[in-house]
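Each remark here refers to the structure printed beneath this line.
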Amino acid sequence: MPSTLRITGLATGLDVDNMVKQLMQAERTKVDKVKQDRQIIQWRQDLYREIIGDLNTFKKTYFDVLSPEKYILSPNSLSPYSVNMSTSTSAVKVTATASARAGQYEIKDITLAQTAKVQSKEIPDISTEVSSSGSLSIRYNDSTPIEIEYGSDKTYKTYKDIITAINTKSNGQLKAYYSEITKKITIETAKTGSESTITINGANDLLGITDGTSDNGEDASFQIKTPGASDYTSVTKSNNTFTIDGLTFTLNESTTDTIKFSVGVNSKPAIDKIKEFVEKYNEIIDKINKKISEKRAYSYRPLTDEQRKEMKEDEIKKWEEKAKEGLLKGDSMLQDLVYNLRQAFFEPLKDSGISIQEIGLSTSSDYTQKGKIIIDESKLKAALENRPDDVLNLLTKTSSIAYDPNKTYTGRGDRNSEIGIFQRLKDILEDNIRTTRNSSGKKGALLEKAGLKGDFSEFNNILYKELQQKDRIIEDLNKKLFDKENKYYQQFAKLEKAMQKYNDQSAWLSSQLGAMFK
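Here the sequence shown is numbered in this note's numbering, starting from 68 and rising by one per residue.
Have a look at this one:
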């Protein structure tokens, strides 16, 4: 709003500024009211975004497969078995899943799985242009060969270009690289095992590799003695990481050594993970429950600019904390969220073989704690150690029915009946904080309501649009306020002008009368 320098009250002696201020008070109150309403919307958006932030942190911590230490959806992460390596070695790493068998094991004569590979002649500098022209053909794993036209008049002119072309054209199924130590280019399959193959043609002049040169990969192999067995059994696998009989092996080195290890029951790590997960879940439930049940302090409205000027900083802070209370009371969206989260724990799982109560999970009997989960550790321990497969099915089982963002949680009954509790919780998080769109162009419900910073929804959500609407009203009211204030000043200016004229006439009359009576 433009500012105007005014000099008032010279003729009338009136405090015009104060009088205009009083006349405008009712108009300013209208603006203050809309500003207060706008502040409440802003606060509500901030409260929603706090909850969105908590849910996002929870999701990233426990439902991100790239964070294996906390990832809660893998049955292996909740296995009640542990592996104790009796032989110190770096040749192999062994972990136990829920399907493992306790007892003593021995493994020996480890041979690593190998890729199929070929090597070039020595090439001093891969950045120089190749000295010949031709077509390089590489067949791998019985696929259609990739063809690379090379030479000074072709797309691929240098050895570096050719390396890039091999990696790109094979979609990562081949790995081509240069060693500054050996001065050679190696071309190998990404896949290991005896079924991996590579055959090269057209590379004699280019790489010093005879036409038709081929190579096969090799399977990993080792001898293993299982609990109670008197003899070793031979095992071959196409990869160096694999799972057999509930044990996941990662082979790192070939060795003829005999390596001993034992598998025993140790449910503590799994119990600790479940406890930590439930604690974080309960913290979120508790926070949401407080927001949707706390009473609204209606007498504490957002402060106006004038009120803030008269208060100290700590008084403003306390006032605003009180004014924010109850802004999400009875919020239907958050009530649905809590209800669905609770249902996720207690809806039956088809063919689970075990109930939620049998693994020691229940809800608090305290109504104010609705939705929070209580753990009976002794029951959970017994279930993990005696019926691990059933427990992990109940918690982490997957389904061939994919998550459908076009359906609500309650509308996905077919999927819900087939997936474990933790999988259901992930679905509910997707429903509320999903950043991808469904077929109607909608993101997660909470993002549609309040938006997420850094996402397109930050400036495209219901509350943001309400804020924009309030801004337009405030702008319009301020314009009217300015016009009305100018009108009052103009009226007082006319009064000033009339009074000045009267004063001038009075002074002239006085001077004339004075002259007559001299």
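No residue lacks a Cβ here, since even glycine has one placed at the ideal position from N, Cα and C. The structure presented is a predicted model; accordingly, all values stated were derived computationally and were not measured.
| query | result |
| --- | --- |
| Check each candidate in K362, I118, R168 and T259 and name the one with the smallest Cα separation from K396. | K362 |
| Please classify G76: does DSSP put it in a helix, a strand, or coil? | With a pLDDT of only 45 at G76, under 50, the local geometry of the prediction cannot be trusted, and no value is derived from it. |
| In three-state DSSP terms, what is A183? | strand |
| Evaluate N238 with the Cβ neighbour count: other Cβ atoms within 10 Å of its Cβ, from every protein chain shown; 16 or more gives buried, anything less gives exposed. | exposed |
| The alpha helix (DSSP H) that contains N151, what's its start and end? | Careful: N151 lies outside any alpha helix (DSSP H), inside the beta strand (DSSP E) at Y148 to M152. |
| Is the CB-CB distance between S329 and Y172 below 9 Å? | yes |
| Counting along the chain, where does the beta strand (DSSP E) carrying L416 start and finish? | L416 -> no beta strand (DSSP E), and no H or E assigned at all. |
| With a threshold of 16 other CB atoms inside 10 Å of the CB of P147, please say whether the residue is buried or exposed. | buried |
| With 16 other CB atoms within 10 Å as the buried threshold, where does V132 fall? | exposed |
| When DSSP builds the beta bridges, which residues end up paired with L309? | Note that residue 309 is Phe in the sequence shown, not Leu. BP columns for F309 point to F316. |
| Between which two residues does the alpha helix (DSSP H) carrying N453 extend? | E444 to N453 |
| Quick check: the Cα distance between Q109 and V150, rounded to an integer number of angstroms? | 53 Å |
| Within 10 angstroms of its Cβ, does I118 collect 16 or more other Cβ (buried), or is it exposed? | buried |
| Quick one: complete alpha helix (DSSP H) runs, 4+ long, within the stretch 333-414? | 335-360, 372-376, 380-390 and 399-413 |
| In this structure, does DSSP put M68 in helix, strand or coil? | Caution applies to M68, whose pLDDT of 49 falls short of 50 and renders its modelled position unreliable; the value that the coordinates give is listed next. In the structure shown, M68 sits in coil (DSSP, three-state: anything other than H, G, I, E or B). |
| CA-CA distance, D543 and K97? | 11 Å |
| To the nearest whole angstrom, what separates the beta carbons of I338 and L447, a pair I think is in contact under 8 Å? | 6 Å |
| Under the three-state reduction of DSSP, which class applies to G487: helix, strand or coil? | coil |
| Given a cut-off of 9 Å on the beta-carbon distance, is the pair F125 and Y348 in contact? | yes |
| Does any CB atom of chain C fall closer than 9 Å to the CB of A390? | Looking at the structure shown, chain C is missing, and only one protein chain is on hand. |
| With a 10 Å radius around its C-beta and 16 neighbouring C-beta atoms as the bar for buried, classify A469 as buried or exposed. | exposed |
| In three-state DSSP terms, what is Y245? | strand |
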